[in-house]
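Notes for the one structure printed next.
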Amino acid sequence: MAIYNPKSLKAEEFINDAEIRETLEYAEQNKNNVELIDKILEKARPKKTATGYTCSGLTHREASVLLACDIPEKVEQIYQIAEEIKLAFYGNRIVIFAPLYLSNYCVNGCVYCPYHLKNKRIPRKKLTQEEVKAEVIALQDMGHKRLAIESGEDPVNNPIEYILECIKTIYSVHHKNGDIRRVNVNIAATTVENYRKLKDAGIGTYILFQETYHKESYLKLHPTGPKHDYDYHTEAMDRAMEGGIDDVGLGVLFGLELYKYEFAGLIMHAEHLEAVHGVGPHTISVPRIKRADDIDPDAFDNSISDEIFAKITACIRLAVPYTGMIISTRESEEVRSKLLRLGISQVSGGSRTSVGGYTTQERPHDTEQFDVSDQRTLDEVVKWLMENGHIPSFCTACYREGRTGDRFMSLCKSGQILNCCHPNALMTLTEYLEDYASEDTKKVGYELIKKELLRIPKDRVREIAQHNIDDIMNSNRRDFRF
Ligand code: SF4
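What the sequence shown shows, in this note's numbering, is residues 93 to 574, in sequence order.
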C-alpha cells in the first residue's frame with residue numbers, strides 16, 4: 093500500500109487515498125471540538141508585522157476540520173477570517189481575465205464535458221490564425237489584457253505547435269491601444285519538453301484542473317483517451333515546474349465527487365508543490381459542474397449548494413492565504429458577489445465559452461463548453477465590481493517584470509500590495525476607463541480612483557501613480573510595464 097509522502101513525485105504518495113480518508117475521519121470526529129477549532133482559527137488569522145501581514149496557512153487536516161464544522165458561530169468566524177486574509181494580501185483588487193477557446197477537438201471521453209469524443213451532436217471547430225486574430229481584436233476592444241486559452245486534447249488537430257502558434261499570434265496583435273499582456277494556458281497534461289516550449293513562448297500561468305482527486309471516480313469519469321491516466325494527469329504540475337513554469341493553477345470540478353474528499357486532495361496538492369518546489373500554486377479555481385450540450389449536471393449526485401460552495405471557498409482562503417483564487421462566469425452574479433468577499437481575487441468578465449464566440453453577435457451555444465450564468469458585458473462587470481468597493485485590475489506587471497513563482501509569493505508575503513499592486517491596479521483601471529468604458533462606468537471609476545489613491549501609504553509612490561494616471565488621461569501613452 094502506498095504511504096503518504098508530500099515530497100514524493102508519485103501521485104499515489106502525495107495524493108494518498110488512505111491519508112485523505114483518515115483526514116476526513118479526523119475532521120468528522122473534531123467538527124464540534126470548539127477548543128481545537130478556536131486554535132485552528134487563531135492560527136489562520138493574519139498577523140500584523142512591521143511591513144504588512146503574515147499568515148501561516150493551514151494543513152489539510154486543520155482546514156478539513158473547519159470545512160466539517162457546522163457550528164454557525166464558528167462558520168461565521170471562518171468567513172470573517174477569509175475576508176481579513178483577502179484584504180491583507182490582495183487588498184480590494186480583483187484581477188480581470190477572459191477565456192479564449194481555440195479548439196473543441198478532443199480525443200478524451202470525459203463524461204462531464206460536451207467536447208468528449210463521442211459527442212457527435214456538436215460541430216467541431218478549430219480557429220485559424222486569422223480567426224485567432226479576430227477574436228483577440230474583439231477581446232481587446234472590450235478592454236481585456238489577460239487571457240486564459242483553452243483547448244481540447246487532440247494531438248492531430250491541436251498539437252503543441254498549434255498552441256504555440258496561437259500564443260505568438262495573440263501576443264502579436266496590437267489593436268488601437270490594446271494588447272494582450274499575459275496569456276495563461278489551460279491545456280491537457282503534457283511532457284516536460286512541451287512545458288518548456290510553453291515557458292519559452294512567454295505564458296503566464298499553466299492551469300490544469302484535476303477534475304477529481306478520487307482515483308476510482310477519476311478512472312470512471314475519464315473512461316477513454318490519454319486523460320484516463322490518473323497518475324500522468326496528477327503529476328503534470330511537477331513536470332510543468334521541471335519545464336520552468338513556476339506559476340501553476342490548480343482546481344477541481346466540484347460536483348463530481350464528495351466535496352470533502354476533493355478539498356483535502358486539493359490542499360494536499362498545494363502542500364506537495366510547496367514541499368517539492370518551494371512554491372505553492374499561483375492560483376486555485378473553484379468551478380462547479382454546469383449544464384452543457386449532452387451534459388445534465390443533475391446526473392452527478394455530488395452537486396453542492398451555494399452555502400457549501402461559499403464555505404469551501406473560505407476554507408481554501410484560510411489554508412493557502414497567498415494563492416490567488418479564481419471564479420468564472422459559470423457562477424451567477426449573486427454567487428460571485430458573495431464569494432468575492434471570501435477570498436476570490438480573479439474573475440472572468442464578458443466571457444464566451446465557445447470556439448469563435450467573441451466575433452459572433454449571438455452566443456454560439458453549439459460549441460459552448462458550459463452554460464455561462466453571468467452573461468453581463470465586461471463594462472457591466474467592471475462597474476458592478478467598483479460599486480461594490482472592489483478595484484478591477486488589468487495589471488500584468490508581476491509576470492512582465494519576472495516576479496513569478498516564489499518572487500511573487502515573497503511580494504505578497506511582505507505585504508507590499510498597497511505600494512505595488514494597488515497603484516498598478518489604479519493605473520490599469522484608468523487605461524480601461526479611458527479606452528473602453530461607458531460614460532457611467534467612467535464616472536464611478538474616477539470617483540473610486542480618487543479615493544483609492546489616498547490609501548497608498550508611501551507619498552512618493554502615490555505621486556508617481558497620480559502622475560501616470562494623469563498621463564494616461566491626457567495622452568495616448570500606454571507604454572508602462574503593467
Ligand atoms: S474536459 Fe478537456 S479533455 Fe475532457 S473532453 Fe472536455 S475538452 Fe476534452
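For each residue, glycine too, the CB sits at the ideal point set by N, CA and C.
DSSP, read as helix, strand or coil, puts G296 in coil.
In this structure, DSSP gives M478 a helical state, which the three-state scheme calls helix. For the pair G494 and E165, the Cα-to-Cα distance works out to about 43 Å.
Under DSSP, T146 shares a beta bridge with K139. For T421, the three-state secondary structure derived from DSSP is coil. Counting only the Cα atoms, R331 lies some 9 Å from R288.
8 Å or more divides the Cβ of Y204 from the Cβ of N196.
For the alpha helix (DSSP H) assignment, the uninterrupted runs of no fewer than 4 residues enclosed by the region 114–200 are, from N- to C-terminal side, 126–136, 152–160 and 164–182. According to the DSSP assignment, E242 belongs to the beta strand (DSSP E) that extends over R238 to S243. Counting only runs of 4 or more residues that sit fully inside the region 398–451, the alpha helix (DSSP H) segments are 398–411 and 425–433, in chain order.
In the displayed model, I564 falls within a helix according to three-state DSSP.
Look at the beta carbons and you see the region 245–254 touching the region 274–287: at least three pairs across the two are nearer than 8 Å.
Taking T304 as reference, the option from K291, T220, H320 and T297 with the minimal CA-CA separation is H320. For I376, the beta-bridge partners assigned by DSSP are L342 and M417. K319 has its Cβ nearer than 7 Å to a heavy atom of the ligand SF4. A distance criterion of 7 Å places the beta-carbon of H374 beyond contact range of the ligand SF4, judged by its closest non-hydrogen atom. In the DSSP secondary-structure assignment, R274 is bridged to R238. Y351 has its CB no nearer than 7 Å to any heavy atom of the ligand SF4. With respect to the 8 Å criterion, L159 and I404 are classified as neighbours on the basis of their beta carbons. Annotation for C161: K123 and I129 place their beta carbon closer than 6 Å to its own, counting only its chain and skipping 5 residues before and after. For P515, the enclosing alpha helix (DSSP H) covers residues C513 to D527. Of the heavy atoms belonging to the ligand SF4, none sits nearer than 7 Å to the Cβ of N122.
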